[in-house]
Amino acid sequence: MSPVITRAVKQGQQPGALVHVGEKKVDFTEISIMEYNRGHDFREWQTDDVAELAEILQTDDVNWVNVIGLHQVEIVEQVGHVFGVHDLLIEDILNTDQRPKSERYDNYIYLVFKILYLDEENEKLKTDQISIVFGDTFVLTFQEQKSALFEPLRRRIRQNQGRIHQAGADYLAYAVADIVVDQYFLIAEYLSNTIEAVEDELVEEPTRETLQTILRLNRNLLSAQKALWPLRQIFSELQHIESNFVDKSNHIYFRDIYDHVLHNIDTLETLRNIAAGMLDIYLSSSSNKMNEVMQLLTVMSTIFIPLTFFTSVYGMNFNYMPELAWRWGYPLLWVVNIVIAGSMLVYFKRKGWL
Amino acid sequence: MSPVITRAVKQGQQPGALVHVGEKKVDFTEISIMEYNRGHDFREWQTDDVAELAEILQTDDVNWVNVIGLHQVEIVEQVGHVFGVHDLLIEDILNTDQRPKSERYDNYIYLVFKILYLDEENEKLKTDQISIVFGDTFVLTFQEQKSALFEPLRRRIRQNQGRIHQAGADYLAYAVADIVVDQYFLIAEYLSNTIEAVEDELVEEPTRETLQTILRLNRNLLSAQKALWPLRQIFSELQHIESNFVDKSNHIYFRDIYDHVLHNIDTLETLRNIAAGMLDIYLSSSSNKMNEVMQLLTVMSTIFIPLTFFTSVYGMNFNYMPELAWRWGYPLLWVVNIVIAGSMLVYFKRKGWL
Amino acid sequence: MSPVITRAVKQGQQPGALVHVGEKKVDFTEISIMEYNRGHDFREWQTDDVAELAEILQTDDVNWVNVIGLHQVEIVEQVGHVFGVHDLLIEDILNTDQRPKSERYDNYIYLVFKILYLDEENEKLKTDQISIVFGDTFVLTFQEQKSALFEPLRRRIRQNQGRIHQAGADYLAYAVADIVVDQYFLIAEYLSNTIEAVEDELVEEPTRETLQTILRLNRNLLSAQKALWPLRQIFSELQHIESNFVDKSNHIYFRDIYDHVLHNIDTLETLRNIAAGMLDIYLSSSSNKMNEVMQLLTVMSTIFIPLTFFTSVYGMNFNYMPELAWRWGYPLLWVVNIVIAGSMLVYFKRKGWL
Amino acid sequence: MSPVITRAVKQGQQPGALVHVGEKKVDFTEISIMEYNRGHDFREWQTDDVAELAEILQTDDVNWVNVIGLHQVEIVEQVGHVFGVHDLLIEDILNTDQRPKSERYDNYIYLVFKILYLDEENEKLKTDQISIVFGDTFVLTFQEQKSALFEPLRRRIRQNQGRIHQAGADYLAYAVADIVVDQYFLIAEYLSNTIEAVEDELVEEPTRETLQTILRLNRNLLSAQKALWPLRQIFSELQHIESNFVDKSNHIYFRDIYDHVLHNIDTLETLRNIAAGMLDIYLSSSSNKMNEVMQLLTVMSTIFIPLTFFTSVYGMNFNYMPELAWRWGYPLLWVVNIVIAGSMLVYFKRKGWL
Amino acid sequence: MSPVITRAVKQGQQPGALVHVGEKKVDFTEISIMEYNRGHDFREWQTDDVAELAEILQTDDVNWVNVIGLHQVEIVEQVGHVFGVHDLLIEDILNTDQRPKSERYDNYIYLVFKILYLDEENEKLKTDQISIVFGDTFVLTFQEQKSALFEPLRRRIRQNQGRIHQAGADYLAYAVADIVVDQYFLIAEYLSNTIEAVEDELVEEPTRETLQTILRLNRNLLSAQKALWPLRQIFSELQHIESNFVDKSNHIYFRDIYDHVLHNIDTLETLRNIAAGMLDIYLSSSSNKMNEVMQLLTVMSTIFIPLTFFTSVYGMNFNYMPELAWRWGYPLLWVVNIVIAGSMLVYFKRKGWL
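Line by line, the protein sequences give chains V, W, U, S and F.
At position 297 of the first sequence (counting the first as 1) the number is 298 in the working numbering, and the numbers step up by one without a gap.
At position 221 of the second sequence (counting the first as 1) the number is 222 in the working numbering, and the numbers step up by one without a gap.
At position 206 of the third sequence (counting the first as 1) the number is 207 in the working numbering, and the numbers step up by one without a gap.
At position 259 of the fourth sequence (counting the first as 1) the number is 260 in the working numbering, and the numbers step up by one without a gap.
At position 351 of the fifth sequence (counting the first as 1) the number is 352 in the working numbering, and the numbers step up by one without a gap.
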């Protein structure tokens, strides 16, 4: 009873029906919990039993409940219900074709955005959706599949590094979001490197592969922009949010993410502008090369075509061709030919075609 | 007395004159009604007699009156009058060349937008106009022709699935609008698939058909954008609307549509950007191919033209051509020819033309 | 004393000096008046005597004073003075190179915009300027030349059709503006048809005429946009205007025009986007064709150039050419030639050049 | 002690140091004064002695002090000090590389913008900077060089035409600004004519000169836009300005300039859009022409290459070539040749290459 | 213990961990201090001992503390702590991949932006990050490496020129920012010169180097824009800032910088527009040249190919070729050839290909 359906099938379904829209990326849905507090207390475990989660809400400890894999709809639903999450919101979590957005409810804030990663094989950017629901003492994260990205954060929690144990759930939510946004820097860097690699090739010796790289580059830039743009609005709001479970002193952290988002948007914009000009350079470069080819052909043809004509003339078998009998006819022809070829060479030299 | 006229004929007519502007897509105007309430009551029938509709307004049940076919102007007018719809608004309903918009009146809200569908034969997007007028207990929908799109919704009403019987006319209006907007996802998906299909062809072997596909693709994207853009404003307003016949708890549903509209706008924008680059790729790819062709021609000509010249020389009939009498003249010529051809081949190899 | 001058001559003139800027499109300035009221009263006449107009203001009837031809500056001035029109405004009326705008004065509202029409001969869009000054009981319209556009409106007034007699001068002003804006629909339709006509030609067989059509199309689209854009602001303001001589119930009519303006702007934008891609398609298509041409040339040359070389070899007159004496030399040559040509044909077939 | 320096040298200088940034366009700085009042009084003189200017401020007459040439820094400074102009503002006046702007001070308003003029020789737009400082009874104008533009205005003052003597310094400032903005109309007209001249050439027979004209045209359009754009904000503010030395009844004049600025911006935008497409048309046209050239080459080669091959065959000297002895061999060859050439001609005719 | 790490390594680190992100551009971190007051007091020294800085805060003198080199994290941190700078802000100072921004704290204002400079060798724009923290009596500047840019300012402080000694720390901060922004004028000038240099080459004789210059130019323009754009917002805010350590009379100076920023943005925009058209001109010019080449080839081939065919005909060895025996056969052939060649030349002359 875990319907994995695509958007096309979903159409016409009643709104609020809980169905998973997207690809099934893991085999089983997995729930892992990290619990810690301002002291040194720390606990970390995995569970199959959603009921267990209810206990979490009894304490004041911060709990990070991470759900990986969304196709087992009923598990996601149950987790949501434990934390009092609205049904429409659970529907959004299950639908991995969501526009990045933030929504504010009385007891929690909902963030959904895309983790960008590179499918190395096809050199294609792919996106995973991550949903963050955080309230006073809990942070729920829903991912499509496991990601190594959050390991350093987990280590910091385990080893009680930095502010993380001191700060509340809002800070944890920030830390998760920060990692996702930082990932965009890496993607931008990767795309920037691709551009630089192509640029040299582009002017020197553009090939069909260059063309494919440019095509891929443009698609990747557009994917990244599409995922990044809505973050601007999300964090612009979060940096000023008034909420009883977001500490005001943490606003500065959300402002920090906002700055990073702006910076990334600027960078992608610049890259897009560079990439946009690449096909024109390709064409220019290609047209340059064609000019070279044509010039060679024209030079060769133009020099030899008249010469061949003259020799052809004296290959004719007319009975009366006085030149054929001349003593110096043959050498003269060579002289004429060389003069013609020579003056043409001079002409082409002057034109800069040689 | 059912004037089917085009915009051109209409010009100069008095405003408020009720005329149908658009294509006649069905033979007869058809009125069907679905009536239901919070209990399990449900009735569904078709009628020719507009007078019958007046009874509907007596009860508190929700009534969905669906009018298909707009060319029988007087029927549309009568339906409108039963529900107290303003004359100018009836004129808008009849004019299928309307910009998508919403208008708020005291007793009802008017929405008009486009249903997108694909004319498979010509691979061209087409639009049908749908007008929705909803008040406290009724939803009027006016369509140009029957559409299978709303069948699932009808089934939900018939079978009393989900919230639909519990919620009022506003929710029904939402459900109708939701289906129309969901259709845009499918269109976006179709266009996205077309792009992917063309892209491979584009780099490998662009033909005249590729060109036609790109042309069609661009037109379809523009049609979709034109239909979609105004929805942004419509649902941005509806999600906050204060009205005595829109339940506040339903705002969240209109916000949901608004999110979908934004998502679709983003997607179409991305597709447009991809499509925009396609002609440049076509040109680049085509220019690449021409370079190949020209290189082959140039290599062949450049190698053989001088050789042919030399053979031509010794085909001349001058009486005094000492070389002709040489014992090794003929083999020598072959040697010279092979040396010339060979060194040229090396030269072209180095240039990367072979 | 009717100075017809151009902008260039006007420069440096004192502001407020009344001069006609623009082309003289009619021979004589003509004044025609239509007078009607809520009853069935209706009078229509032409006059040369501006003084006569003063009487008009005595009654409560609605008067439409239409002035055709602006080069007789003193007539326009006198008409203006009768209705208390400010001097600067008369200057604007006389200057046909005006940006469309609306201005509100205490006793009247001034609208100026462009009537678009098609100069069929050159397939070029042209503009006429129309100024509308309307107050409580009068509507003044100033046109550069007679236009058949307003005939249907005149007929409605004469025959007392629809609301026109019941409504006041504001409604008449609306009716005039409505006709002008409706004309933009026709122009958009014409341009849209031109685009469709060119598109087929474009992919199949682009010629120099196609190029000229595209060029003209772009210019026409830009002219239309330039005339249309400012209307957006004008009617956006008018639909909410608070004035003692604009009936609030007529706001809805100005909103209607506003919707039409937005719709036309959308349409022109879409057309512009389509047209923008046309030159790229032209280039692509042309490049396609060149590829075909070049392929044929290359195939022919590449096949025959080596063959001709071989025959040329055996046309040489060396004394010692053993092959010439071979019994099967000549047939062998044919065999060799056919093998070479055949294998090249196979090669080109595989490359898809044939 | 009149430092004429460029921006590069200025960098790092203390702000407020008075230096002239720009080209020296006249030999000597020249001060001319026009003094007039509501009566018929009028005086006009030139002076070297800045001290003389102080007397001007004693009367209620309107004084127009025109300073031509900015490189004599100390003169400009002294003039400024007489009228109480702030040091930073004098710095701005001296720096001719200023962005057009307006600034409001307690006792005067400062306007700075560009006079556009055409350097006929290079067909290049050039800019002069004009600074206007106007207060209750004075208008200071600072120009880089003399301009004939203001002659008609001077004549109107001298001859007491129009409102000028009746109105105050604010009206004079308006009149000066009006002339500068009117000049933009002429420039737009000039650029529009250039475009039309190029367009015909473009489709028919594009040459390298066409290319240069387009290049120049684009630069000129950009210069004009750069100078014009900031005027939008300047006059948008001035038309509503509340100041004790700007008469409210003169707002309408500044609004008039504002309208002209908007009109010019629209026109330049349209021209830019037209110009933007020109290079694409150039390319299309050029590619068209190349197609023609290539088709001719291909037709000629394709027809004669096989024919030449056949004749070449029968030019061979094999001992055993039976065809050579045939009685009808030679005529037969002609027949074969003509058939081949004919069928090829038919083929090319059908392809539309001839 | 001075970690020089890149963004990639930083990801996942705890926020607030102080690490240097960027290139190490100097060997040692260097601290230099300039101290001056309204009198003539002036002191200037360098130090290794951060503790010394604490004394600075005791006096009312203005202190400019300049830190060059950011890789010695602990020094930067200590300097920050002396002046009470927030940890997150120190993190920003250390991260040289920062988007230009300003932040306002209770006791100081933080500005960070880019110094543009030209790497002459690669003709590439590079950026250094400069952070300015200024409070009531101090200005801290953090640079990545020494820059000669600030020497003139230092000289003015040393020699007590202009207002600098009289004004406070806010004025000093302004002076530093002013120099940075002035540098953008020089960069714009450099880029403008590059464009002019390329333009001539572009129309006359475009080469592969031209292509590379255009490519580089576009990248530089984009870098400059990316660094410049955010300054718009920064100085727009600063010109109106209400703060107890920014003197209101200094607002005018920040407005001055704001004007310069706008001016530079305009200039870069114009340059970008010019540069954007360059590749199209390149292509047009290149296509022009190819046309020339092709025309020559076609003219030569088209003239000689038929001639060669005729001579080839009479080179055949058929036994019965009556023409060969004609007395005037040979001269006749010449006549025919000359007539053919001549009429073709006339034809090409008319076509304008010669």
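From the three backbone atoms N, C-alpha and C, an ideal C-beta is built for every residue, glycine too.
These numbers were taken from a predicted model, which means no experiment stands behind them.
Among the options, the one whose alpha carbon lies nearest that of residue i
i      : options                           : result
F:V336 : F:R217, F:L89, F:D120 and F:T312  : F:T312
W:S287 : V:E78, V:G353, V:T208 and V:D49   : V:T208
U:Y321 : W:Q213, W:D267 and W:A326         : W:A326
S:L192 : S:Q226, S:H166, S:V314 and S:L173 : S:Q226
U:Q73  : U:T30, U:E45, U:A52 and U:N108    : U:T30
V:K26  : V:D137, V:N221, V:K249 and V:E145 : V:E145
S:F151 : S:N67, S:Y106, S:E24 and S:A276   : S:N67
V:A55  : V:G85, V:Y37 and V:E75            : V:G85
Span separating the alpha-carbon of residue i from that of residue j
i      : j      : result
V:T303 : F:M301 : 6 Å
V:S285 : S:T299 : 25 Å
V:Q99  : W:I180 : 17 Å
W:L129 : U:E190 : Correcting the residue identity first, residue 129 of chain W is Asp in this sequence and not Leu. Distance between the alpha carbons of W:D129 and U:E190 is about 18 Å.
S:E78  : F:D61  : 35 Å
F:D1   : S:L280 : Since the first residue of chain F shown is 2 and the last is 355, residue 1 of chain F is not available in this structure.
U:N219 : W:S224 : 19 Å
Short CB-CB distance (under 8 Å) between residue i and chain V
i      : result
W:L218 : no
F:G316 : yes
F:T312 : yes
W:D260 : yes
F:Y185 : no
CB contact below 8 Å: residue i versus chain W
i      : result
U:Y321 : yes
V:L192 : no
Test: residue i CB closer than 8 Å to a CB of chain F
i      : result
V:S286 : yes
V:I235 : no
V:I275 : yes
V:E200 : yes
Interface flag, residue i vs chain S, CB-CB below 8 Å
i      : result
F:P307 : yes
U:A9   : Unreliable placement is indicated for U:A9, whose pLDDT of 47 sits below 50; no coordinate value is reported for it.
Any C-beta of chain U under 8 Å from that of residue i
i      : result
S:L263 : yes
W:E206 : yes
Q. Touching or not, the region 111–119 of chain U and the region 33–41 of chain U, by the rule of three or more beta carbon pairs under 8 Å?
A. no
Q) Enumerated in chain order, which unbroken segments of the alpha helix (DSSP H) with a length of 4 residues or greater are wholly contained in the region 248–324 of chain W? A) 252–314
Q) If you pair each beta-carbon of the region 221–241 of chain S with each one of the region 249–267 of chain S, do three or more pairs fall below 8 Å? A) yes
Q: Would you check if there are 3 or more beta carbon pairs closer than 8 Å linking the region 88–105 of chain F to the region 194–208 of chain F?
A: no
Q | Ranges of the alpha helix (DSSP H) found wholly within the region 198–256 of chain S, counting only runs of at least 4 | A | 209–239
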